[in-house]
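There are 2 protein chains.
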Amino acid sequence: MSMVRNKGGKYKHEYKQKAIPLTVVKRLPVYQRLLAELAARDVERVSSRELATQMKIDPSQVRQDLSLFGSFGQQGYGYRVRYLLNELNKILGLNTGTKLVLVGGGHLGRAIANYGNFVKWGFTIKAIFDRDPQVIGLTIAGLTVRDVRELTPYLRAEPVEIGIICTPAPVAQEVADQLVAGGIKGIWNFAPVALRVPETVCVEHVHLGESLMTLSFMLKQRQEESTGPKK
Amino acid sequence: MSMVRNKGGKYKHEYKQKAIPLTVVKRLPVYQRLLAELAARDVERVSSRELATQMKIDPSQVRQDLSLFGSFGQQGYGYRVRYLLNELNKILGLNTGTKLVLVGGGHLGRAIANYGNFVKWGFTIKAIFDRDPQVIGLTIAGLTVRDVRELTPYLRAEPVEIGIICTPAPVAQEVADQLVAGGIKGIWNFAPVALRVPETVCVEHVHLGESLMTLSFMLKQRQEESTGPKK
DNA sequence: TTAAGATTGTTATTACCATAACAAAGTATG
DNA sequence: CATACTTTGTTATGGTAATAACAATCTTAA
């Protein structure tokens with residue numbers, strides 16, 4: 001009786017315009033990974049409690065996060081793993097044939113290009129560029145490295161969604177400008193600088209140095225906890 | 232007159248036992264990097280406002296963050312760049328000759344080993360281990376790759392603070408166990424798994440897949456913002 | 001030396017995120 | 001078929017982090 005008692009309920013699949021908090025965004029890939037692992041083990045169902053335990057967060061958090069995007073579970077049962085995984089893939093924009101270009105064929109660039117996992121989610125690196133004549137012409141992950149001066153004409157001919165910057169810090173901004181001018185929508189930046197880009201372009205930083213410093217700080221704190229106060 | 236009007240003031244250099252919020256911890260390396268850039272340009276002074284502008288945060292945030300560790304600035308003047316940089320280095324535990332071992336000599340491991348920046352902060356990779364006979368014996372970044380079966384005896388003979396895991400996901404936990412048993416205090420983990428370690432060991436994850444998915448999500452959202460609602 | 005201006009360190013306020021609570025509604029079982 | 005149990009989606013509460021505000025005090029310049 002009374003089909004629409006709780007407002008929303010089954011009928012909440014309109015366009016959602018609410019802003020998703022960044023903290024939630026950072027958890028979405030973790031949900032995706034856990035569900036992919038469960039699916040690989042042919043597990044059929046999972047509860048918010050189980051997911052929460054693995055992530056060391058509260059079950060309410062899991063339910064609240066997912067409810068931002070829809071109602072994917074069943075009371076008294078939980079979530080069907082394959083269904084929720086599929087929904088999360090859609091939410092994250094995976095398996096849509098996203099194209100990337102990589103700029104910088106140094107050690108880090110090579111590691112990224114050879115990192116096989118991305119292919120699983122439908123990401124494909126279409127071309128690699130470098131400035132160094134020693135690197136141009138080499139084959140990395142099956143692609144011949146091109147001269148970075150070909151970047152702009154390439155993007156004009158072959159539109160690409162994401163650009164990866166694996167260059168040294170001093171040239172990163174210049175490369176970013178070229179990528180933006182070439183119509184790139186997102187930049188995955190491994191150079192230790194804060195890039196200036198228009199608001200329409202998304203930037204995701206991976207800052208190895210900052211990560212190691214964070215670890216260093218935590219170690220130092222742990223150490224002081226044990227040596228500092230003699231309580 | 233009245234030297235100790237504001238309680239604390241110059242005299243707040245006791246042991247601080249307050250827990251530093253993780254959000255603050257993540258900003259500390261960014262302050263460090265900005266200050267290092269200023270110092271390299273021989274800039275002498277900087278205000279919280281300038282730092283905040285670069286990081287797109289509020290000036291109060293900068294002052295509040297730094298005040299957790301001491302009083303480093305001067306009213307009406309700001310912060311002396313070199314002094315504050317030096318203090319931040321101490322806070323972060325940089326330039327203390329921290330020793331690391333790297334496990335996993337694949338593409339990513341090689342990139343990490345060759346990433347020159349770490350040396351600047353006093354981190355040194357002392358040894359590299361791998362399981363693959365094809366990789367064992369190779370020279371990476373001036374080090375000969377050892378058999379991972381030598382890891383435990385190595386750590387017994389040569390204590391090391393941090394272990395880097397650049398192995399495939401399925402063996403990461405096993406490696407982590409060995410590192411912990413070997414007395415490691417921190418783990419820098421590049422494998423896409425949540426490691427189980429004792430509370431005494433710090434883990435810093437670098438999860439490339441999650442980072443790319445985050446970018447993918449943000450791109451999808453941007454796209455929906457422009458196409459979805461016709462307002 | 002004095003007064004105007006600048007900027008810190010700290011406390012107060014606001015906003016946001018995480019946890020708790022609970023009604024709704026399904027599952028499982030006898 | 002009824003009853004106990006489970007678990008969701010959502011709202012209420014609590015706590016933590018970001019911003020605002022301000023007194024203290026240093027700098028700078030006349």
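Those sequence lines, one after another, are chains A and B.
Just so you know, the working numbering puts 173 at position 173 of the first sequence, and the rest follows in order with no gaps.
Just so you know, the working numbering puts 249 at position 18 of the second sequence, and the rest follows in order with no gaps.
Think of the CB as a built atom: it goes at the ideal place given N, C-alpha and C, for glycine as much as any other residue.
Only a predicted model underlies this, so the values are computations on that prediction, with no experimental measurement involved.
Taking residue i as the query, report the chain B residues whose CB atoms sit under 8 Å from its CB, ordered along the chain.
i               : result
T167 of chain A : In chain order: nothing, as chain B lies at least about 13 Å away.
I184 of chain A : Residues of chain B passing the Cβ test: none, with the nearest at roughly 10 Å.
Q54 of chain A  : A425
L28 of chain A  : M444, T445, F448
V25 of chain A  : T445, F448, M449
A39 of chain A  : Within 8 Å Cβ-Cβ: nothing; A39 of chain A doesn't reach chain B, min ~15 Å.
A181 of chain A : Under the 8 Å cutoff, chain B gives no residues; its nearest Cβ is about 18 Å from A181 of chain A.
A157 of chain A : Here the premise fails: no neighbours, minimum Cβ distance about 21 Å.
With which residues is residue i paired in a DSSP beta bridge?
i               : result
P419 of chain B : Residue 419 of chain B is actually Trp in this sequence, not Pro. According to DSSP, W419 of chain B bridges with B:I395, B:E435.
K99 of chain A  : A:T124
Y310 of chain B : B:V277, B:G304
I140 of chain A : A:L143
F118 of chain A : Partner(s): none; F118 of chain A has no beta bridge.
F129 of chain A : A:V103, A:R146
Could you tell me how far apart the beta carbons of residue i and residue j are, in whole angstroms, since I believe they sit closer than 8 Å?
i               : j               : result
S279 of chain B : R258 of chain B : At roughly 12 Å, the Cβ-Cβ gap does not stay under 8 Å, so S279 of chain B and R258 of chain B are not in contact.
I393 of chain B : L331 of chain B : 4 Å
E204 of chain A : T445 of chain B : 6 Å
For residue i and residue j, what's the separation of their Cα atoms in angstroms?
i               : j               : result
A176 of chain A : I128 of chain A : 15 Å
P205 of chain B : M218 of chain A : Examination of residue 205 of chain B is not possible in this model, given that chain B is present from 232 through 462 alone.
S447 of chain B : G307 of chain B : 45 Å
L68 of chain A  : E456 of chain B : 16 Å
L102 of chain A : Q173 of chain A : 15 Å
V277 of chain B : Y262 of chain B : 11 Å
S442 of chain B : V24 of chain A  : 13 Å
V235 of chain B : R380 of chain B : Confidence at V235 of chain B is low in this model, with a pLDDT of 29, below 50, so the placement of that residue is unreliable and no value is reported for it.
I184 of chain A : A267 of chain B : 31 Å
L51 of chain A  : G309 of chain B : 47 Å
K90 of chain A  : G73 of chain A  : 16 Å
V249 of chain B : V411 of chain B : Just to set this straight, residue 249 of chain B is Lys in the shown sequence, not Val. K249 of chain B and V411 of chain B: Cα-Cα distance of roughly 27 Å.
T152 of chain A : G440 of chain B : 27 Å
Y83 of chain A  : R41 of chain A  : 15 Å
L88 of chain A  : G368 of chain B : 43 Å
K120 of chain A : Q452 of chain B : 21 Å
S71 of chain A  : V81 of chain A  : 14 Å
R362 of chain B : F421 of chain B : 17 Å
D147 of chain A : V160 of chain A : 17 Å
L94 of chain A  : I125 of chain A : 15 Å
G347 of chain B : I57 of chain A  : 36 Å
D296 of chain B : P290 of chain B : 10 Å
P133 of chain A : I164 of chain A : 20 Å
Q409 of chain B : V428 of chain B : 11 Å
T431 of chain B : Q223 of chain A : 10 Å
Does the Cβ-Cβ distance between residue i and residue j come in under 7 Å?
i               : j               : result
H438 of chain B : A111 of chain A : no
L316 of chain B : A270 of chain B : yes
F123 of chain A : T98 of chain A  : yes
P423 of chain B : A388 of chain B : no
V274 of chain B : G336 of chain B : no
G417 of chain B : C397 of chain B : no
Q292 of chain B : L265 of chain B : no
L143 of chain A : G182 of chain A : no
Show which residues of chain A have a CB atom less than 7 Å away from the CB atom of residue i.
i               : result
S447 of chain B : L92, G93, L94, T98
L374 of chain B : Neighbours of L374 of chain B on chain A: none; closest Cβ ~14 Å, over 7 Å.
F349 of chain B : L212
V293 of chain B : Per Cβ cutoff of 7 Å: no residues; V293 of chain B is ~15 Å from chain A at best.
Which chain A residues are close to residue i, counting only those with a beta carbon under 8 Å from its beta carbon?
i               : result
L316 of chain B : The contacting residues do not exist; L316 of chain B stays about 13 Å from chain A at best.
Q263 of chain B : M213
R453 of chain B : K185, T200, C202
A463 of chain B : The first residue shown for chain B is 232 and the last is 462, placing residue 463 of chain B beyond what the model contains.
A403 of chain B : None at all; the shortest Cβ gap to chain A is about 13 Å.
Starting from residue i, find everything on chain A with Cβ-Cβ shorter than 9 Å and list it in chain order.
i               : result
Y346 of chain B : H107, L108, L208, G209
F354 of chain B : L212, S216
Run down chain B in chain order and give the residues with a C-beta less than 7 Å from the C-beta of residue i.
i               : result
P59 of chain A  : Per Cβ cutoff of 7 Å: no residues; P59 of chain A is ~17 Å from chain B at best.
E161 of chain A : L450
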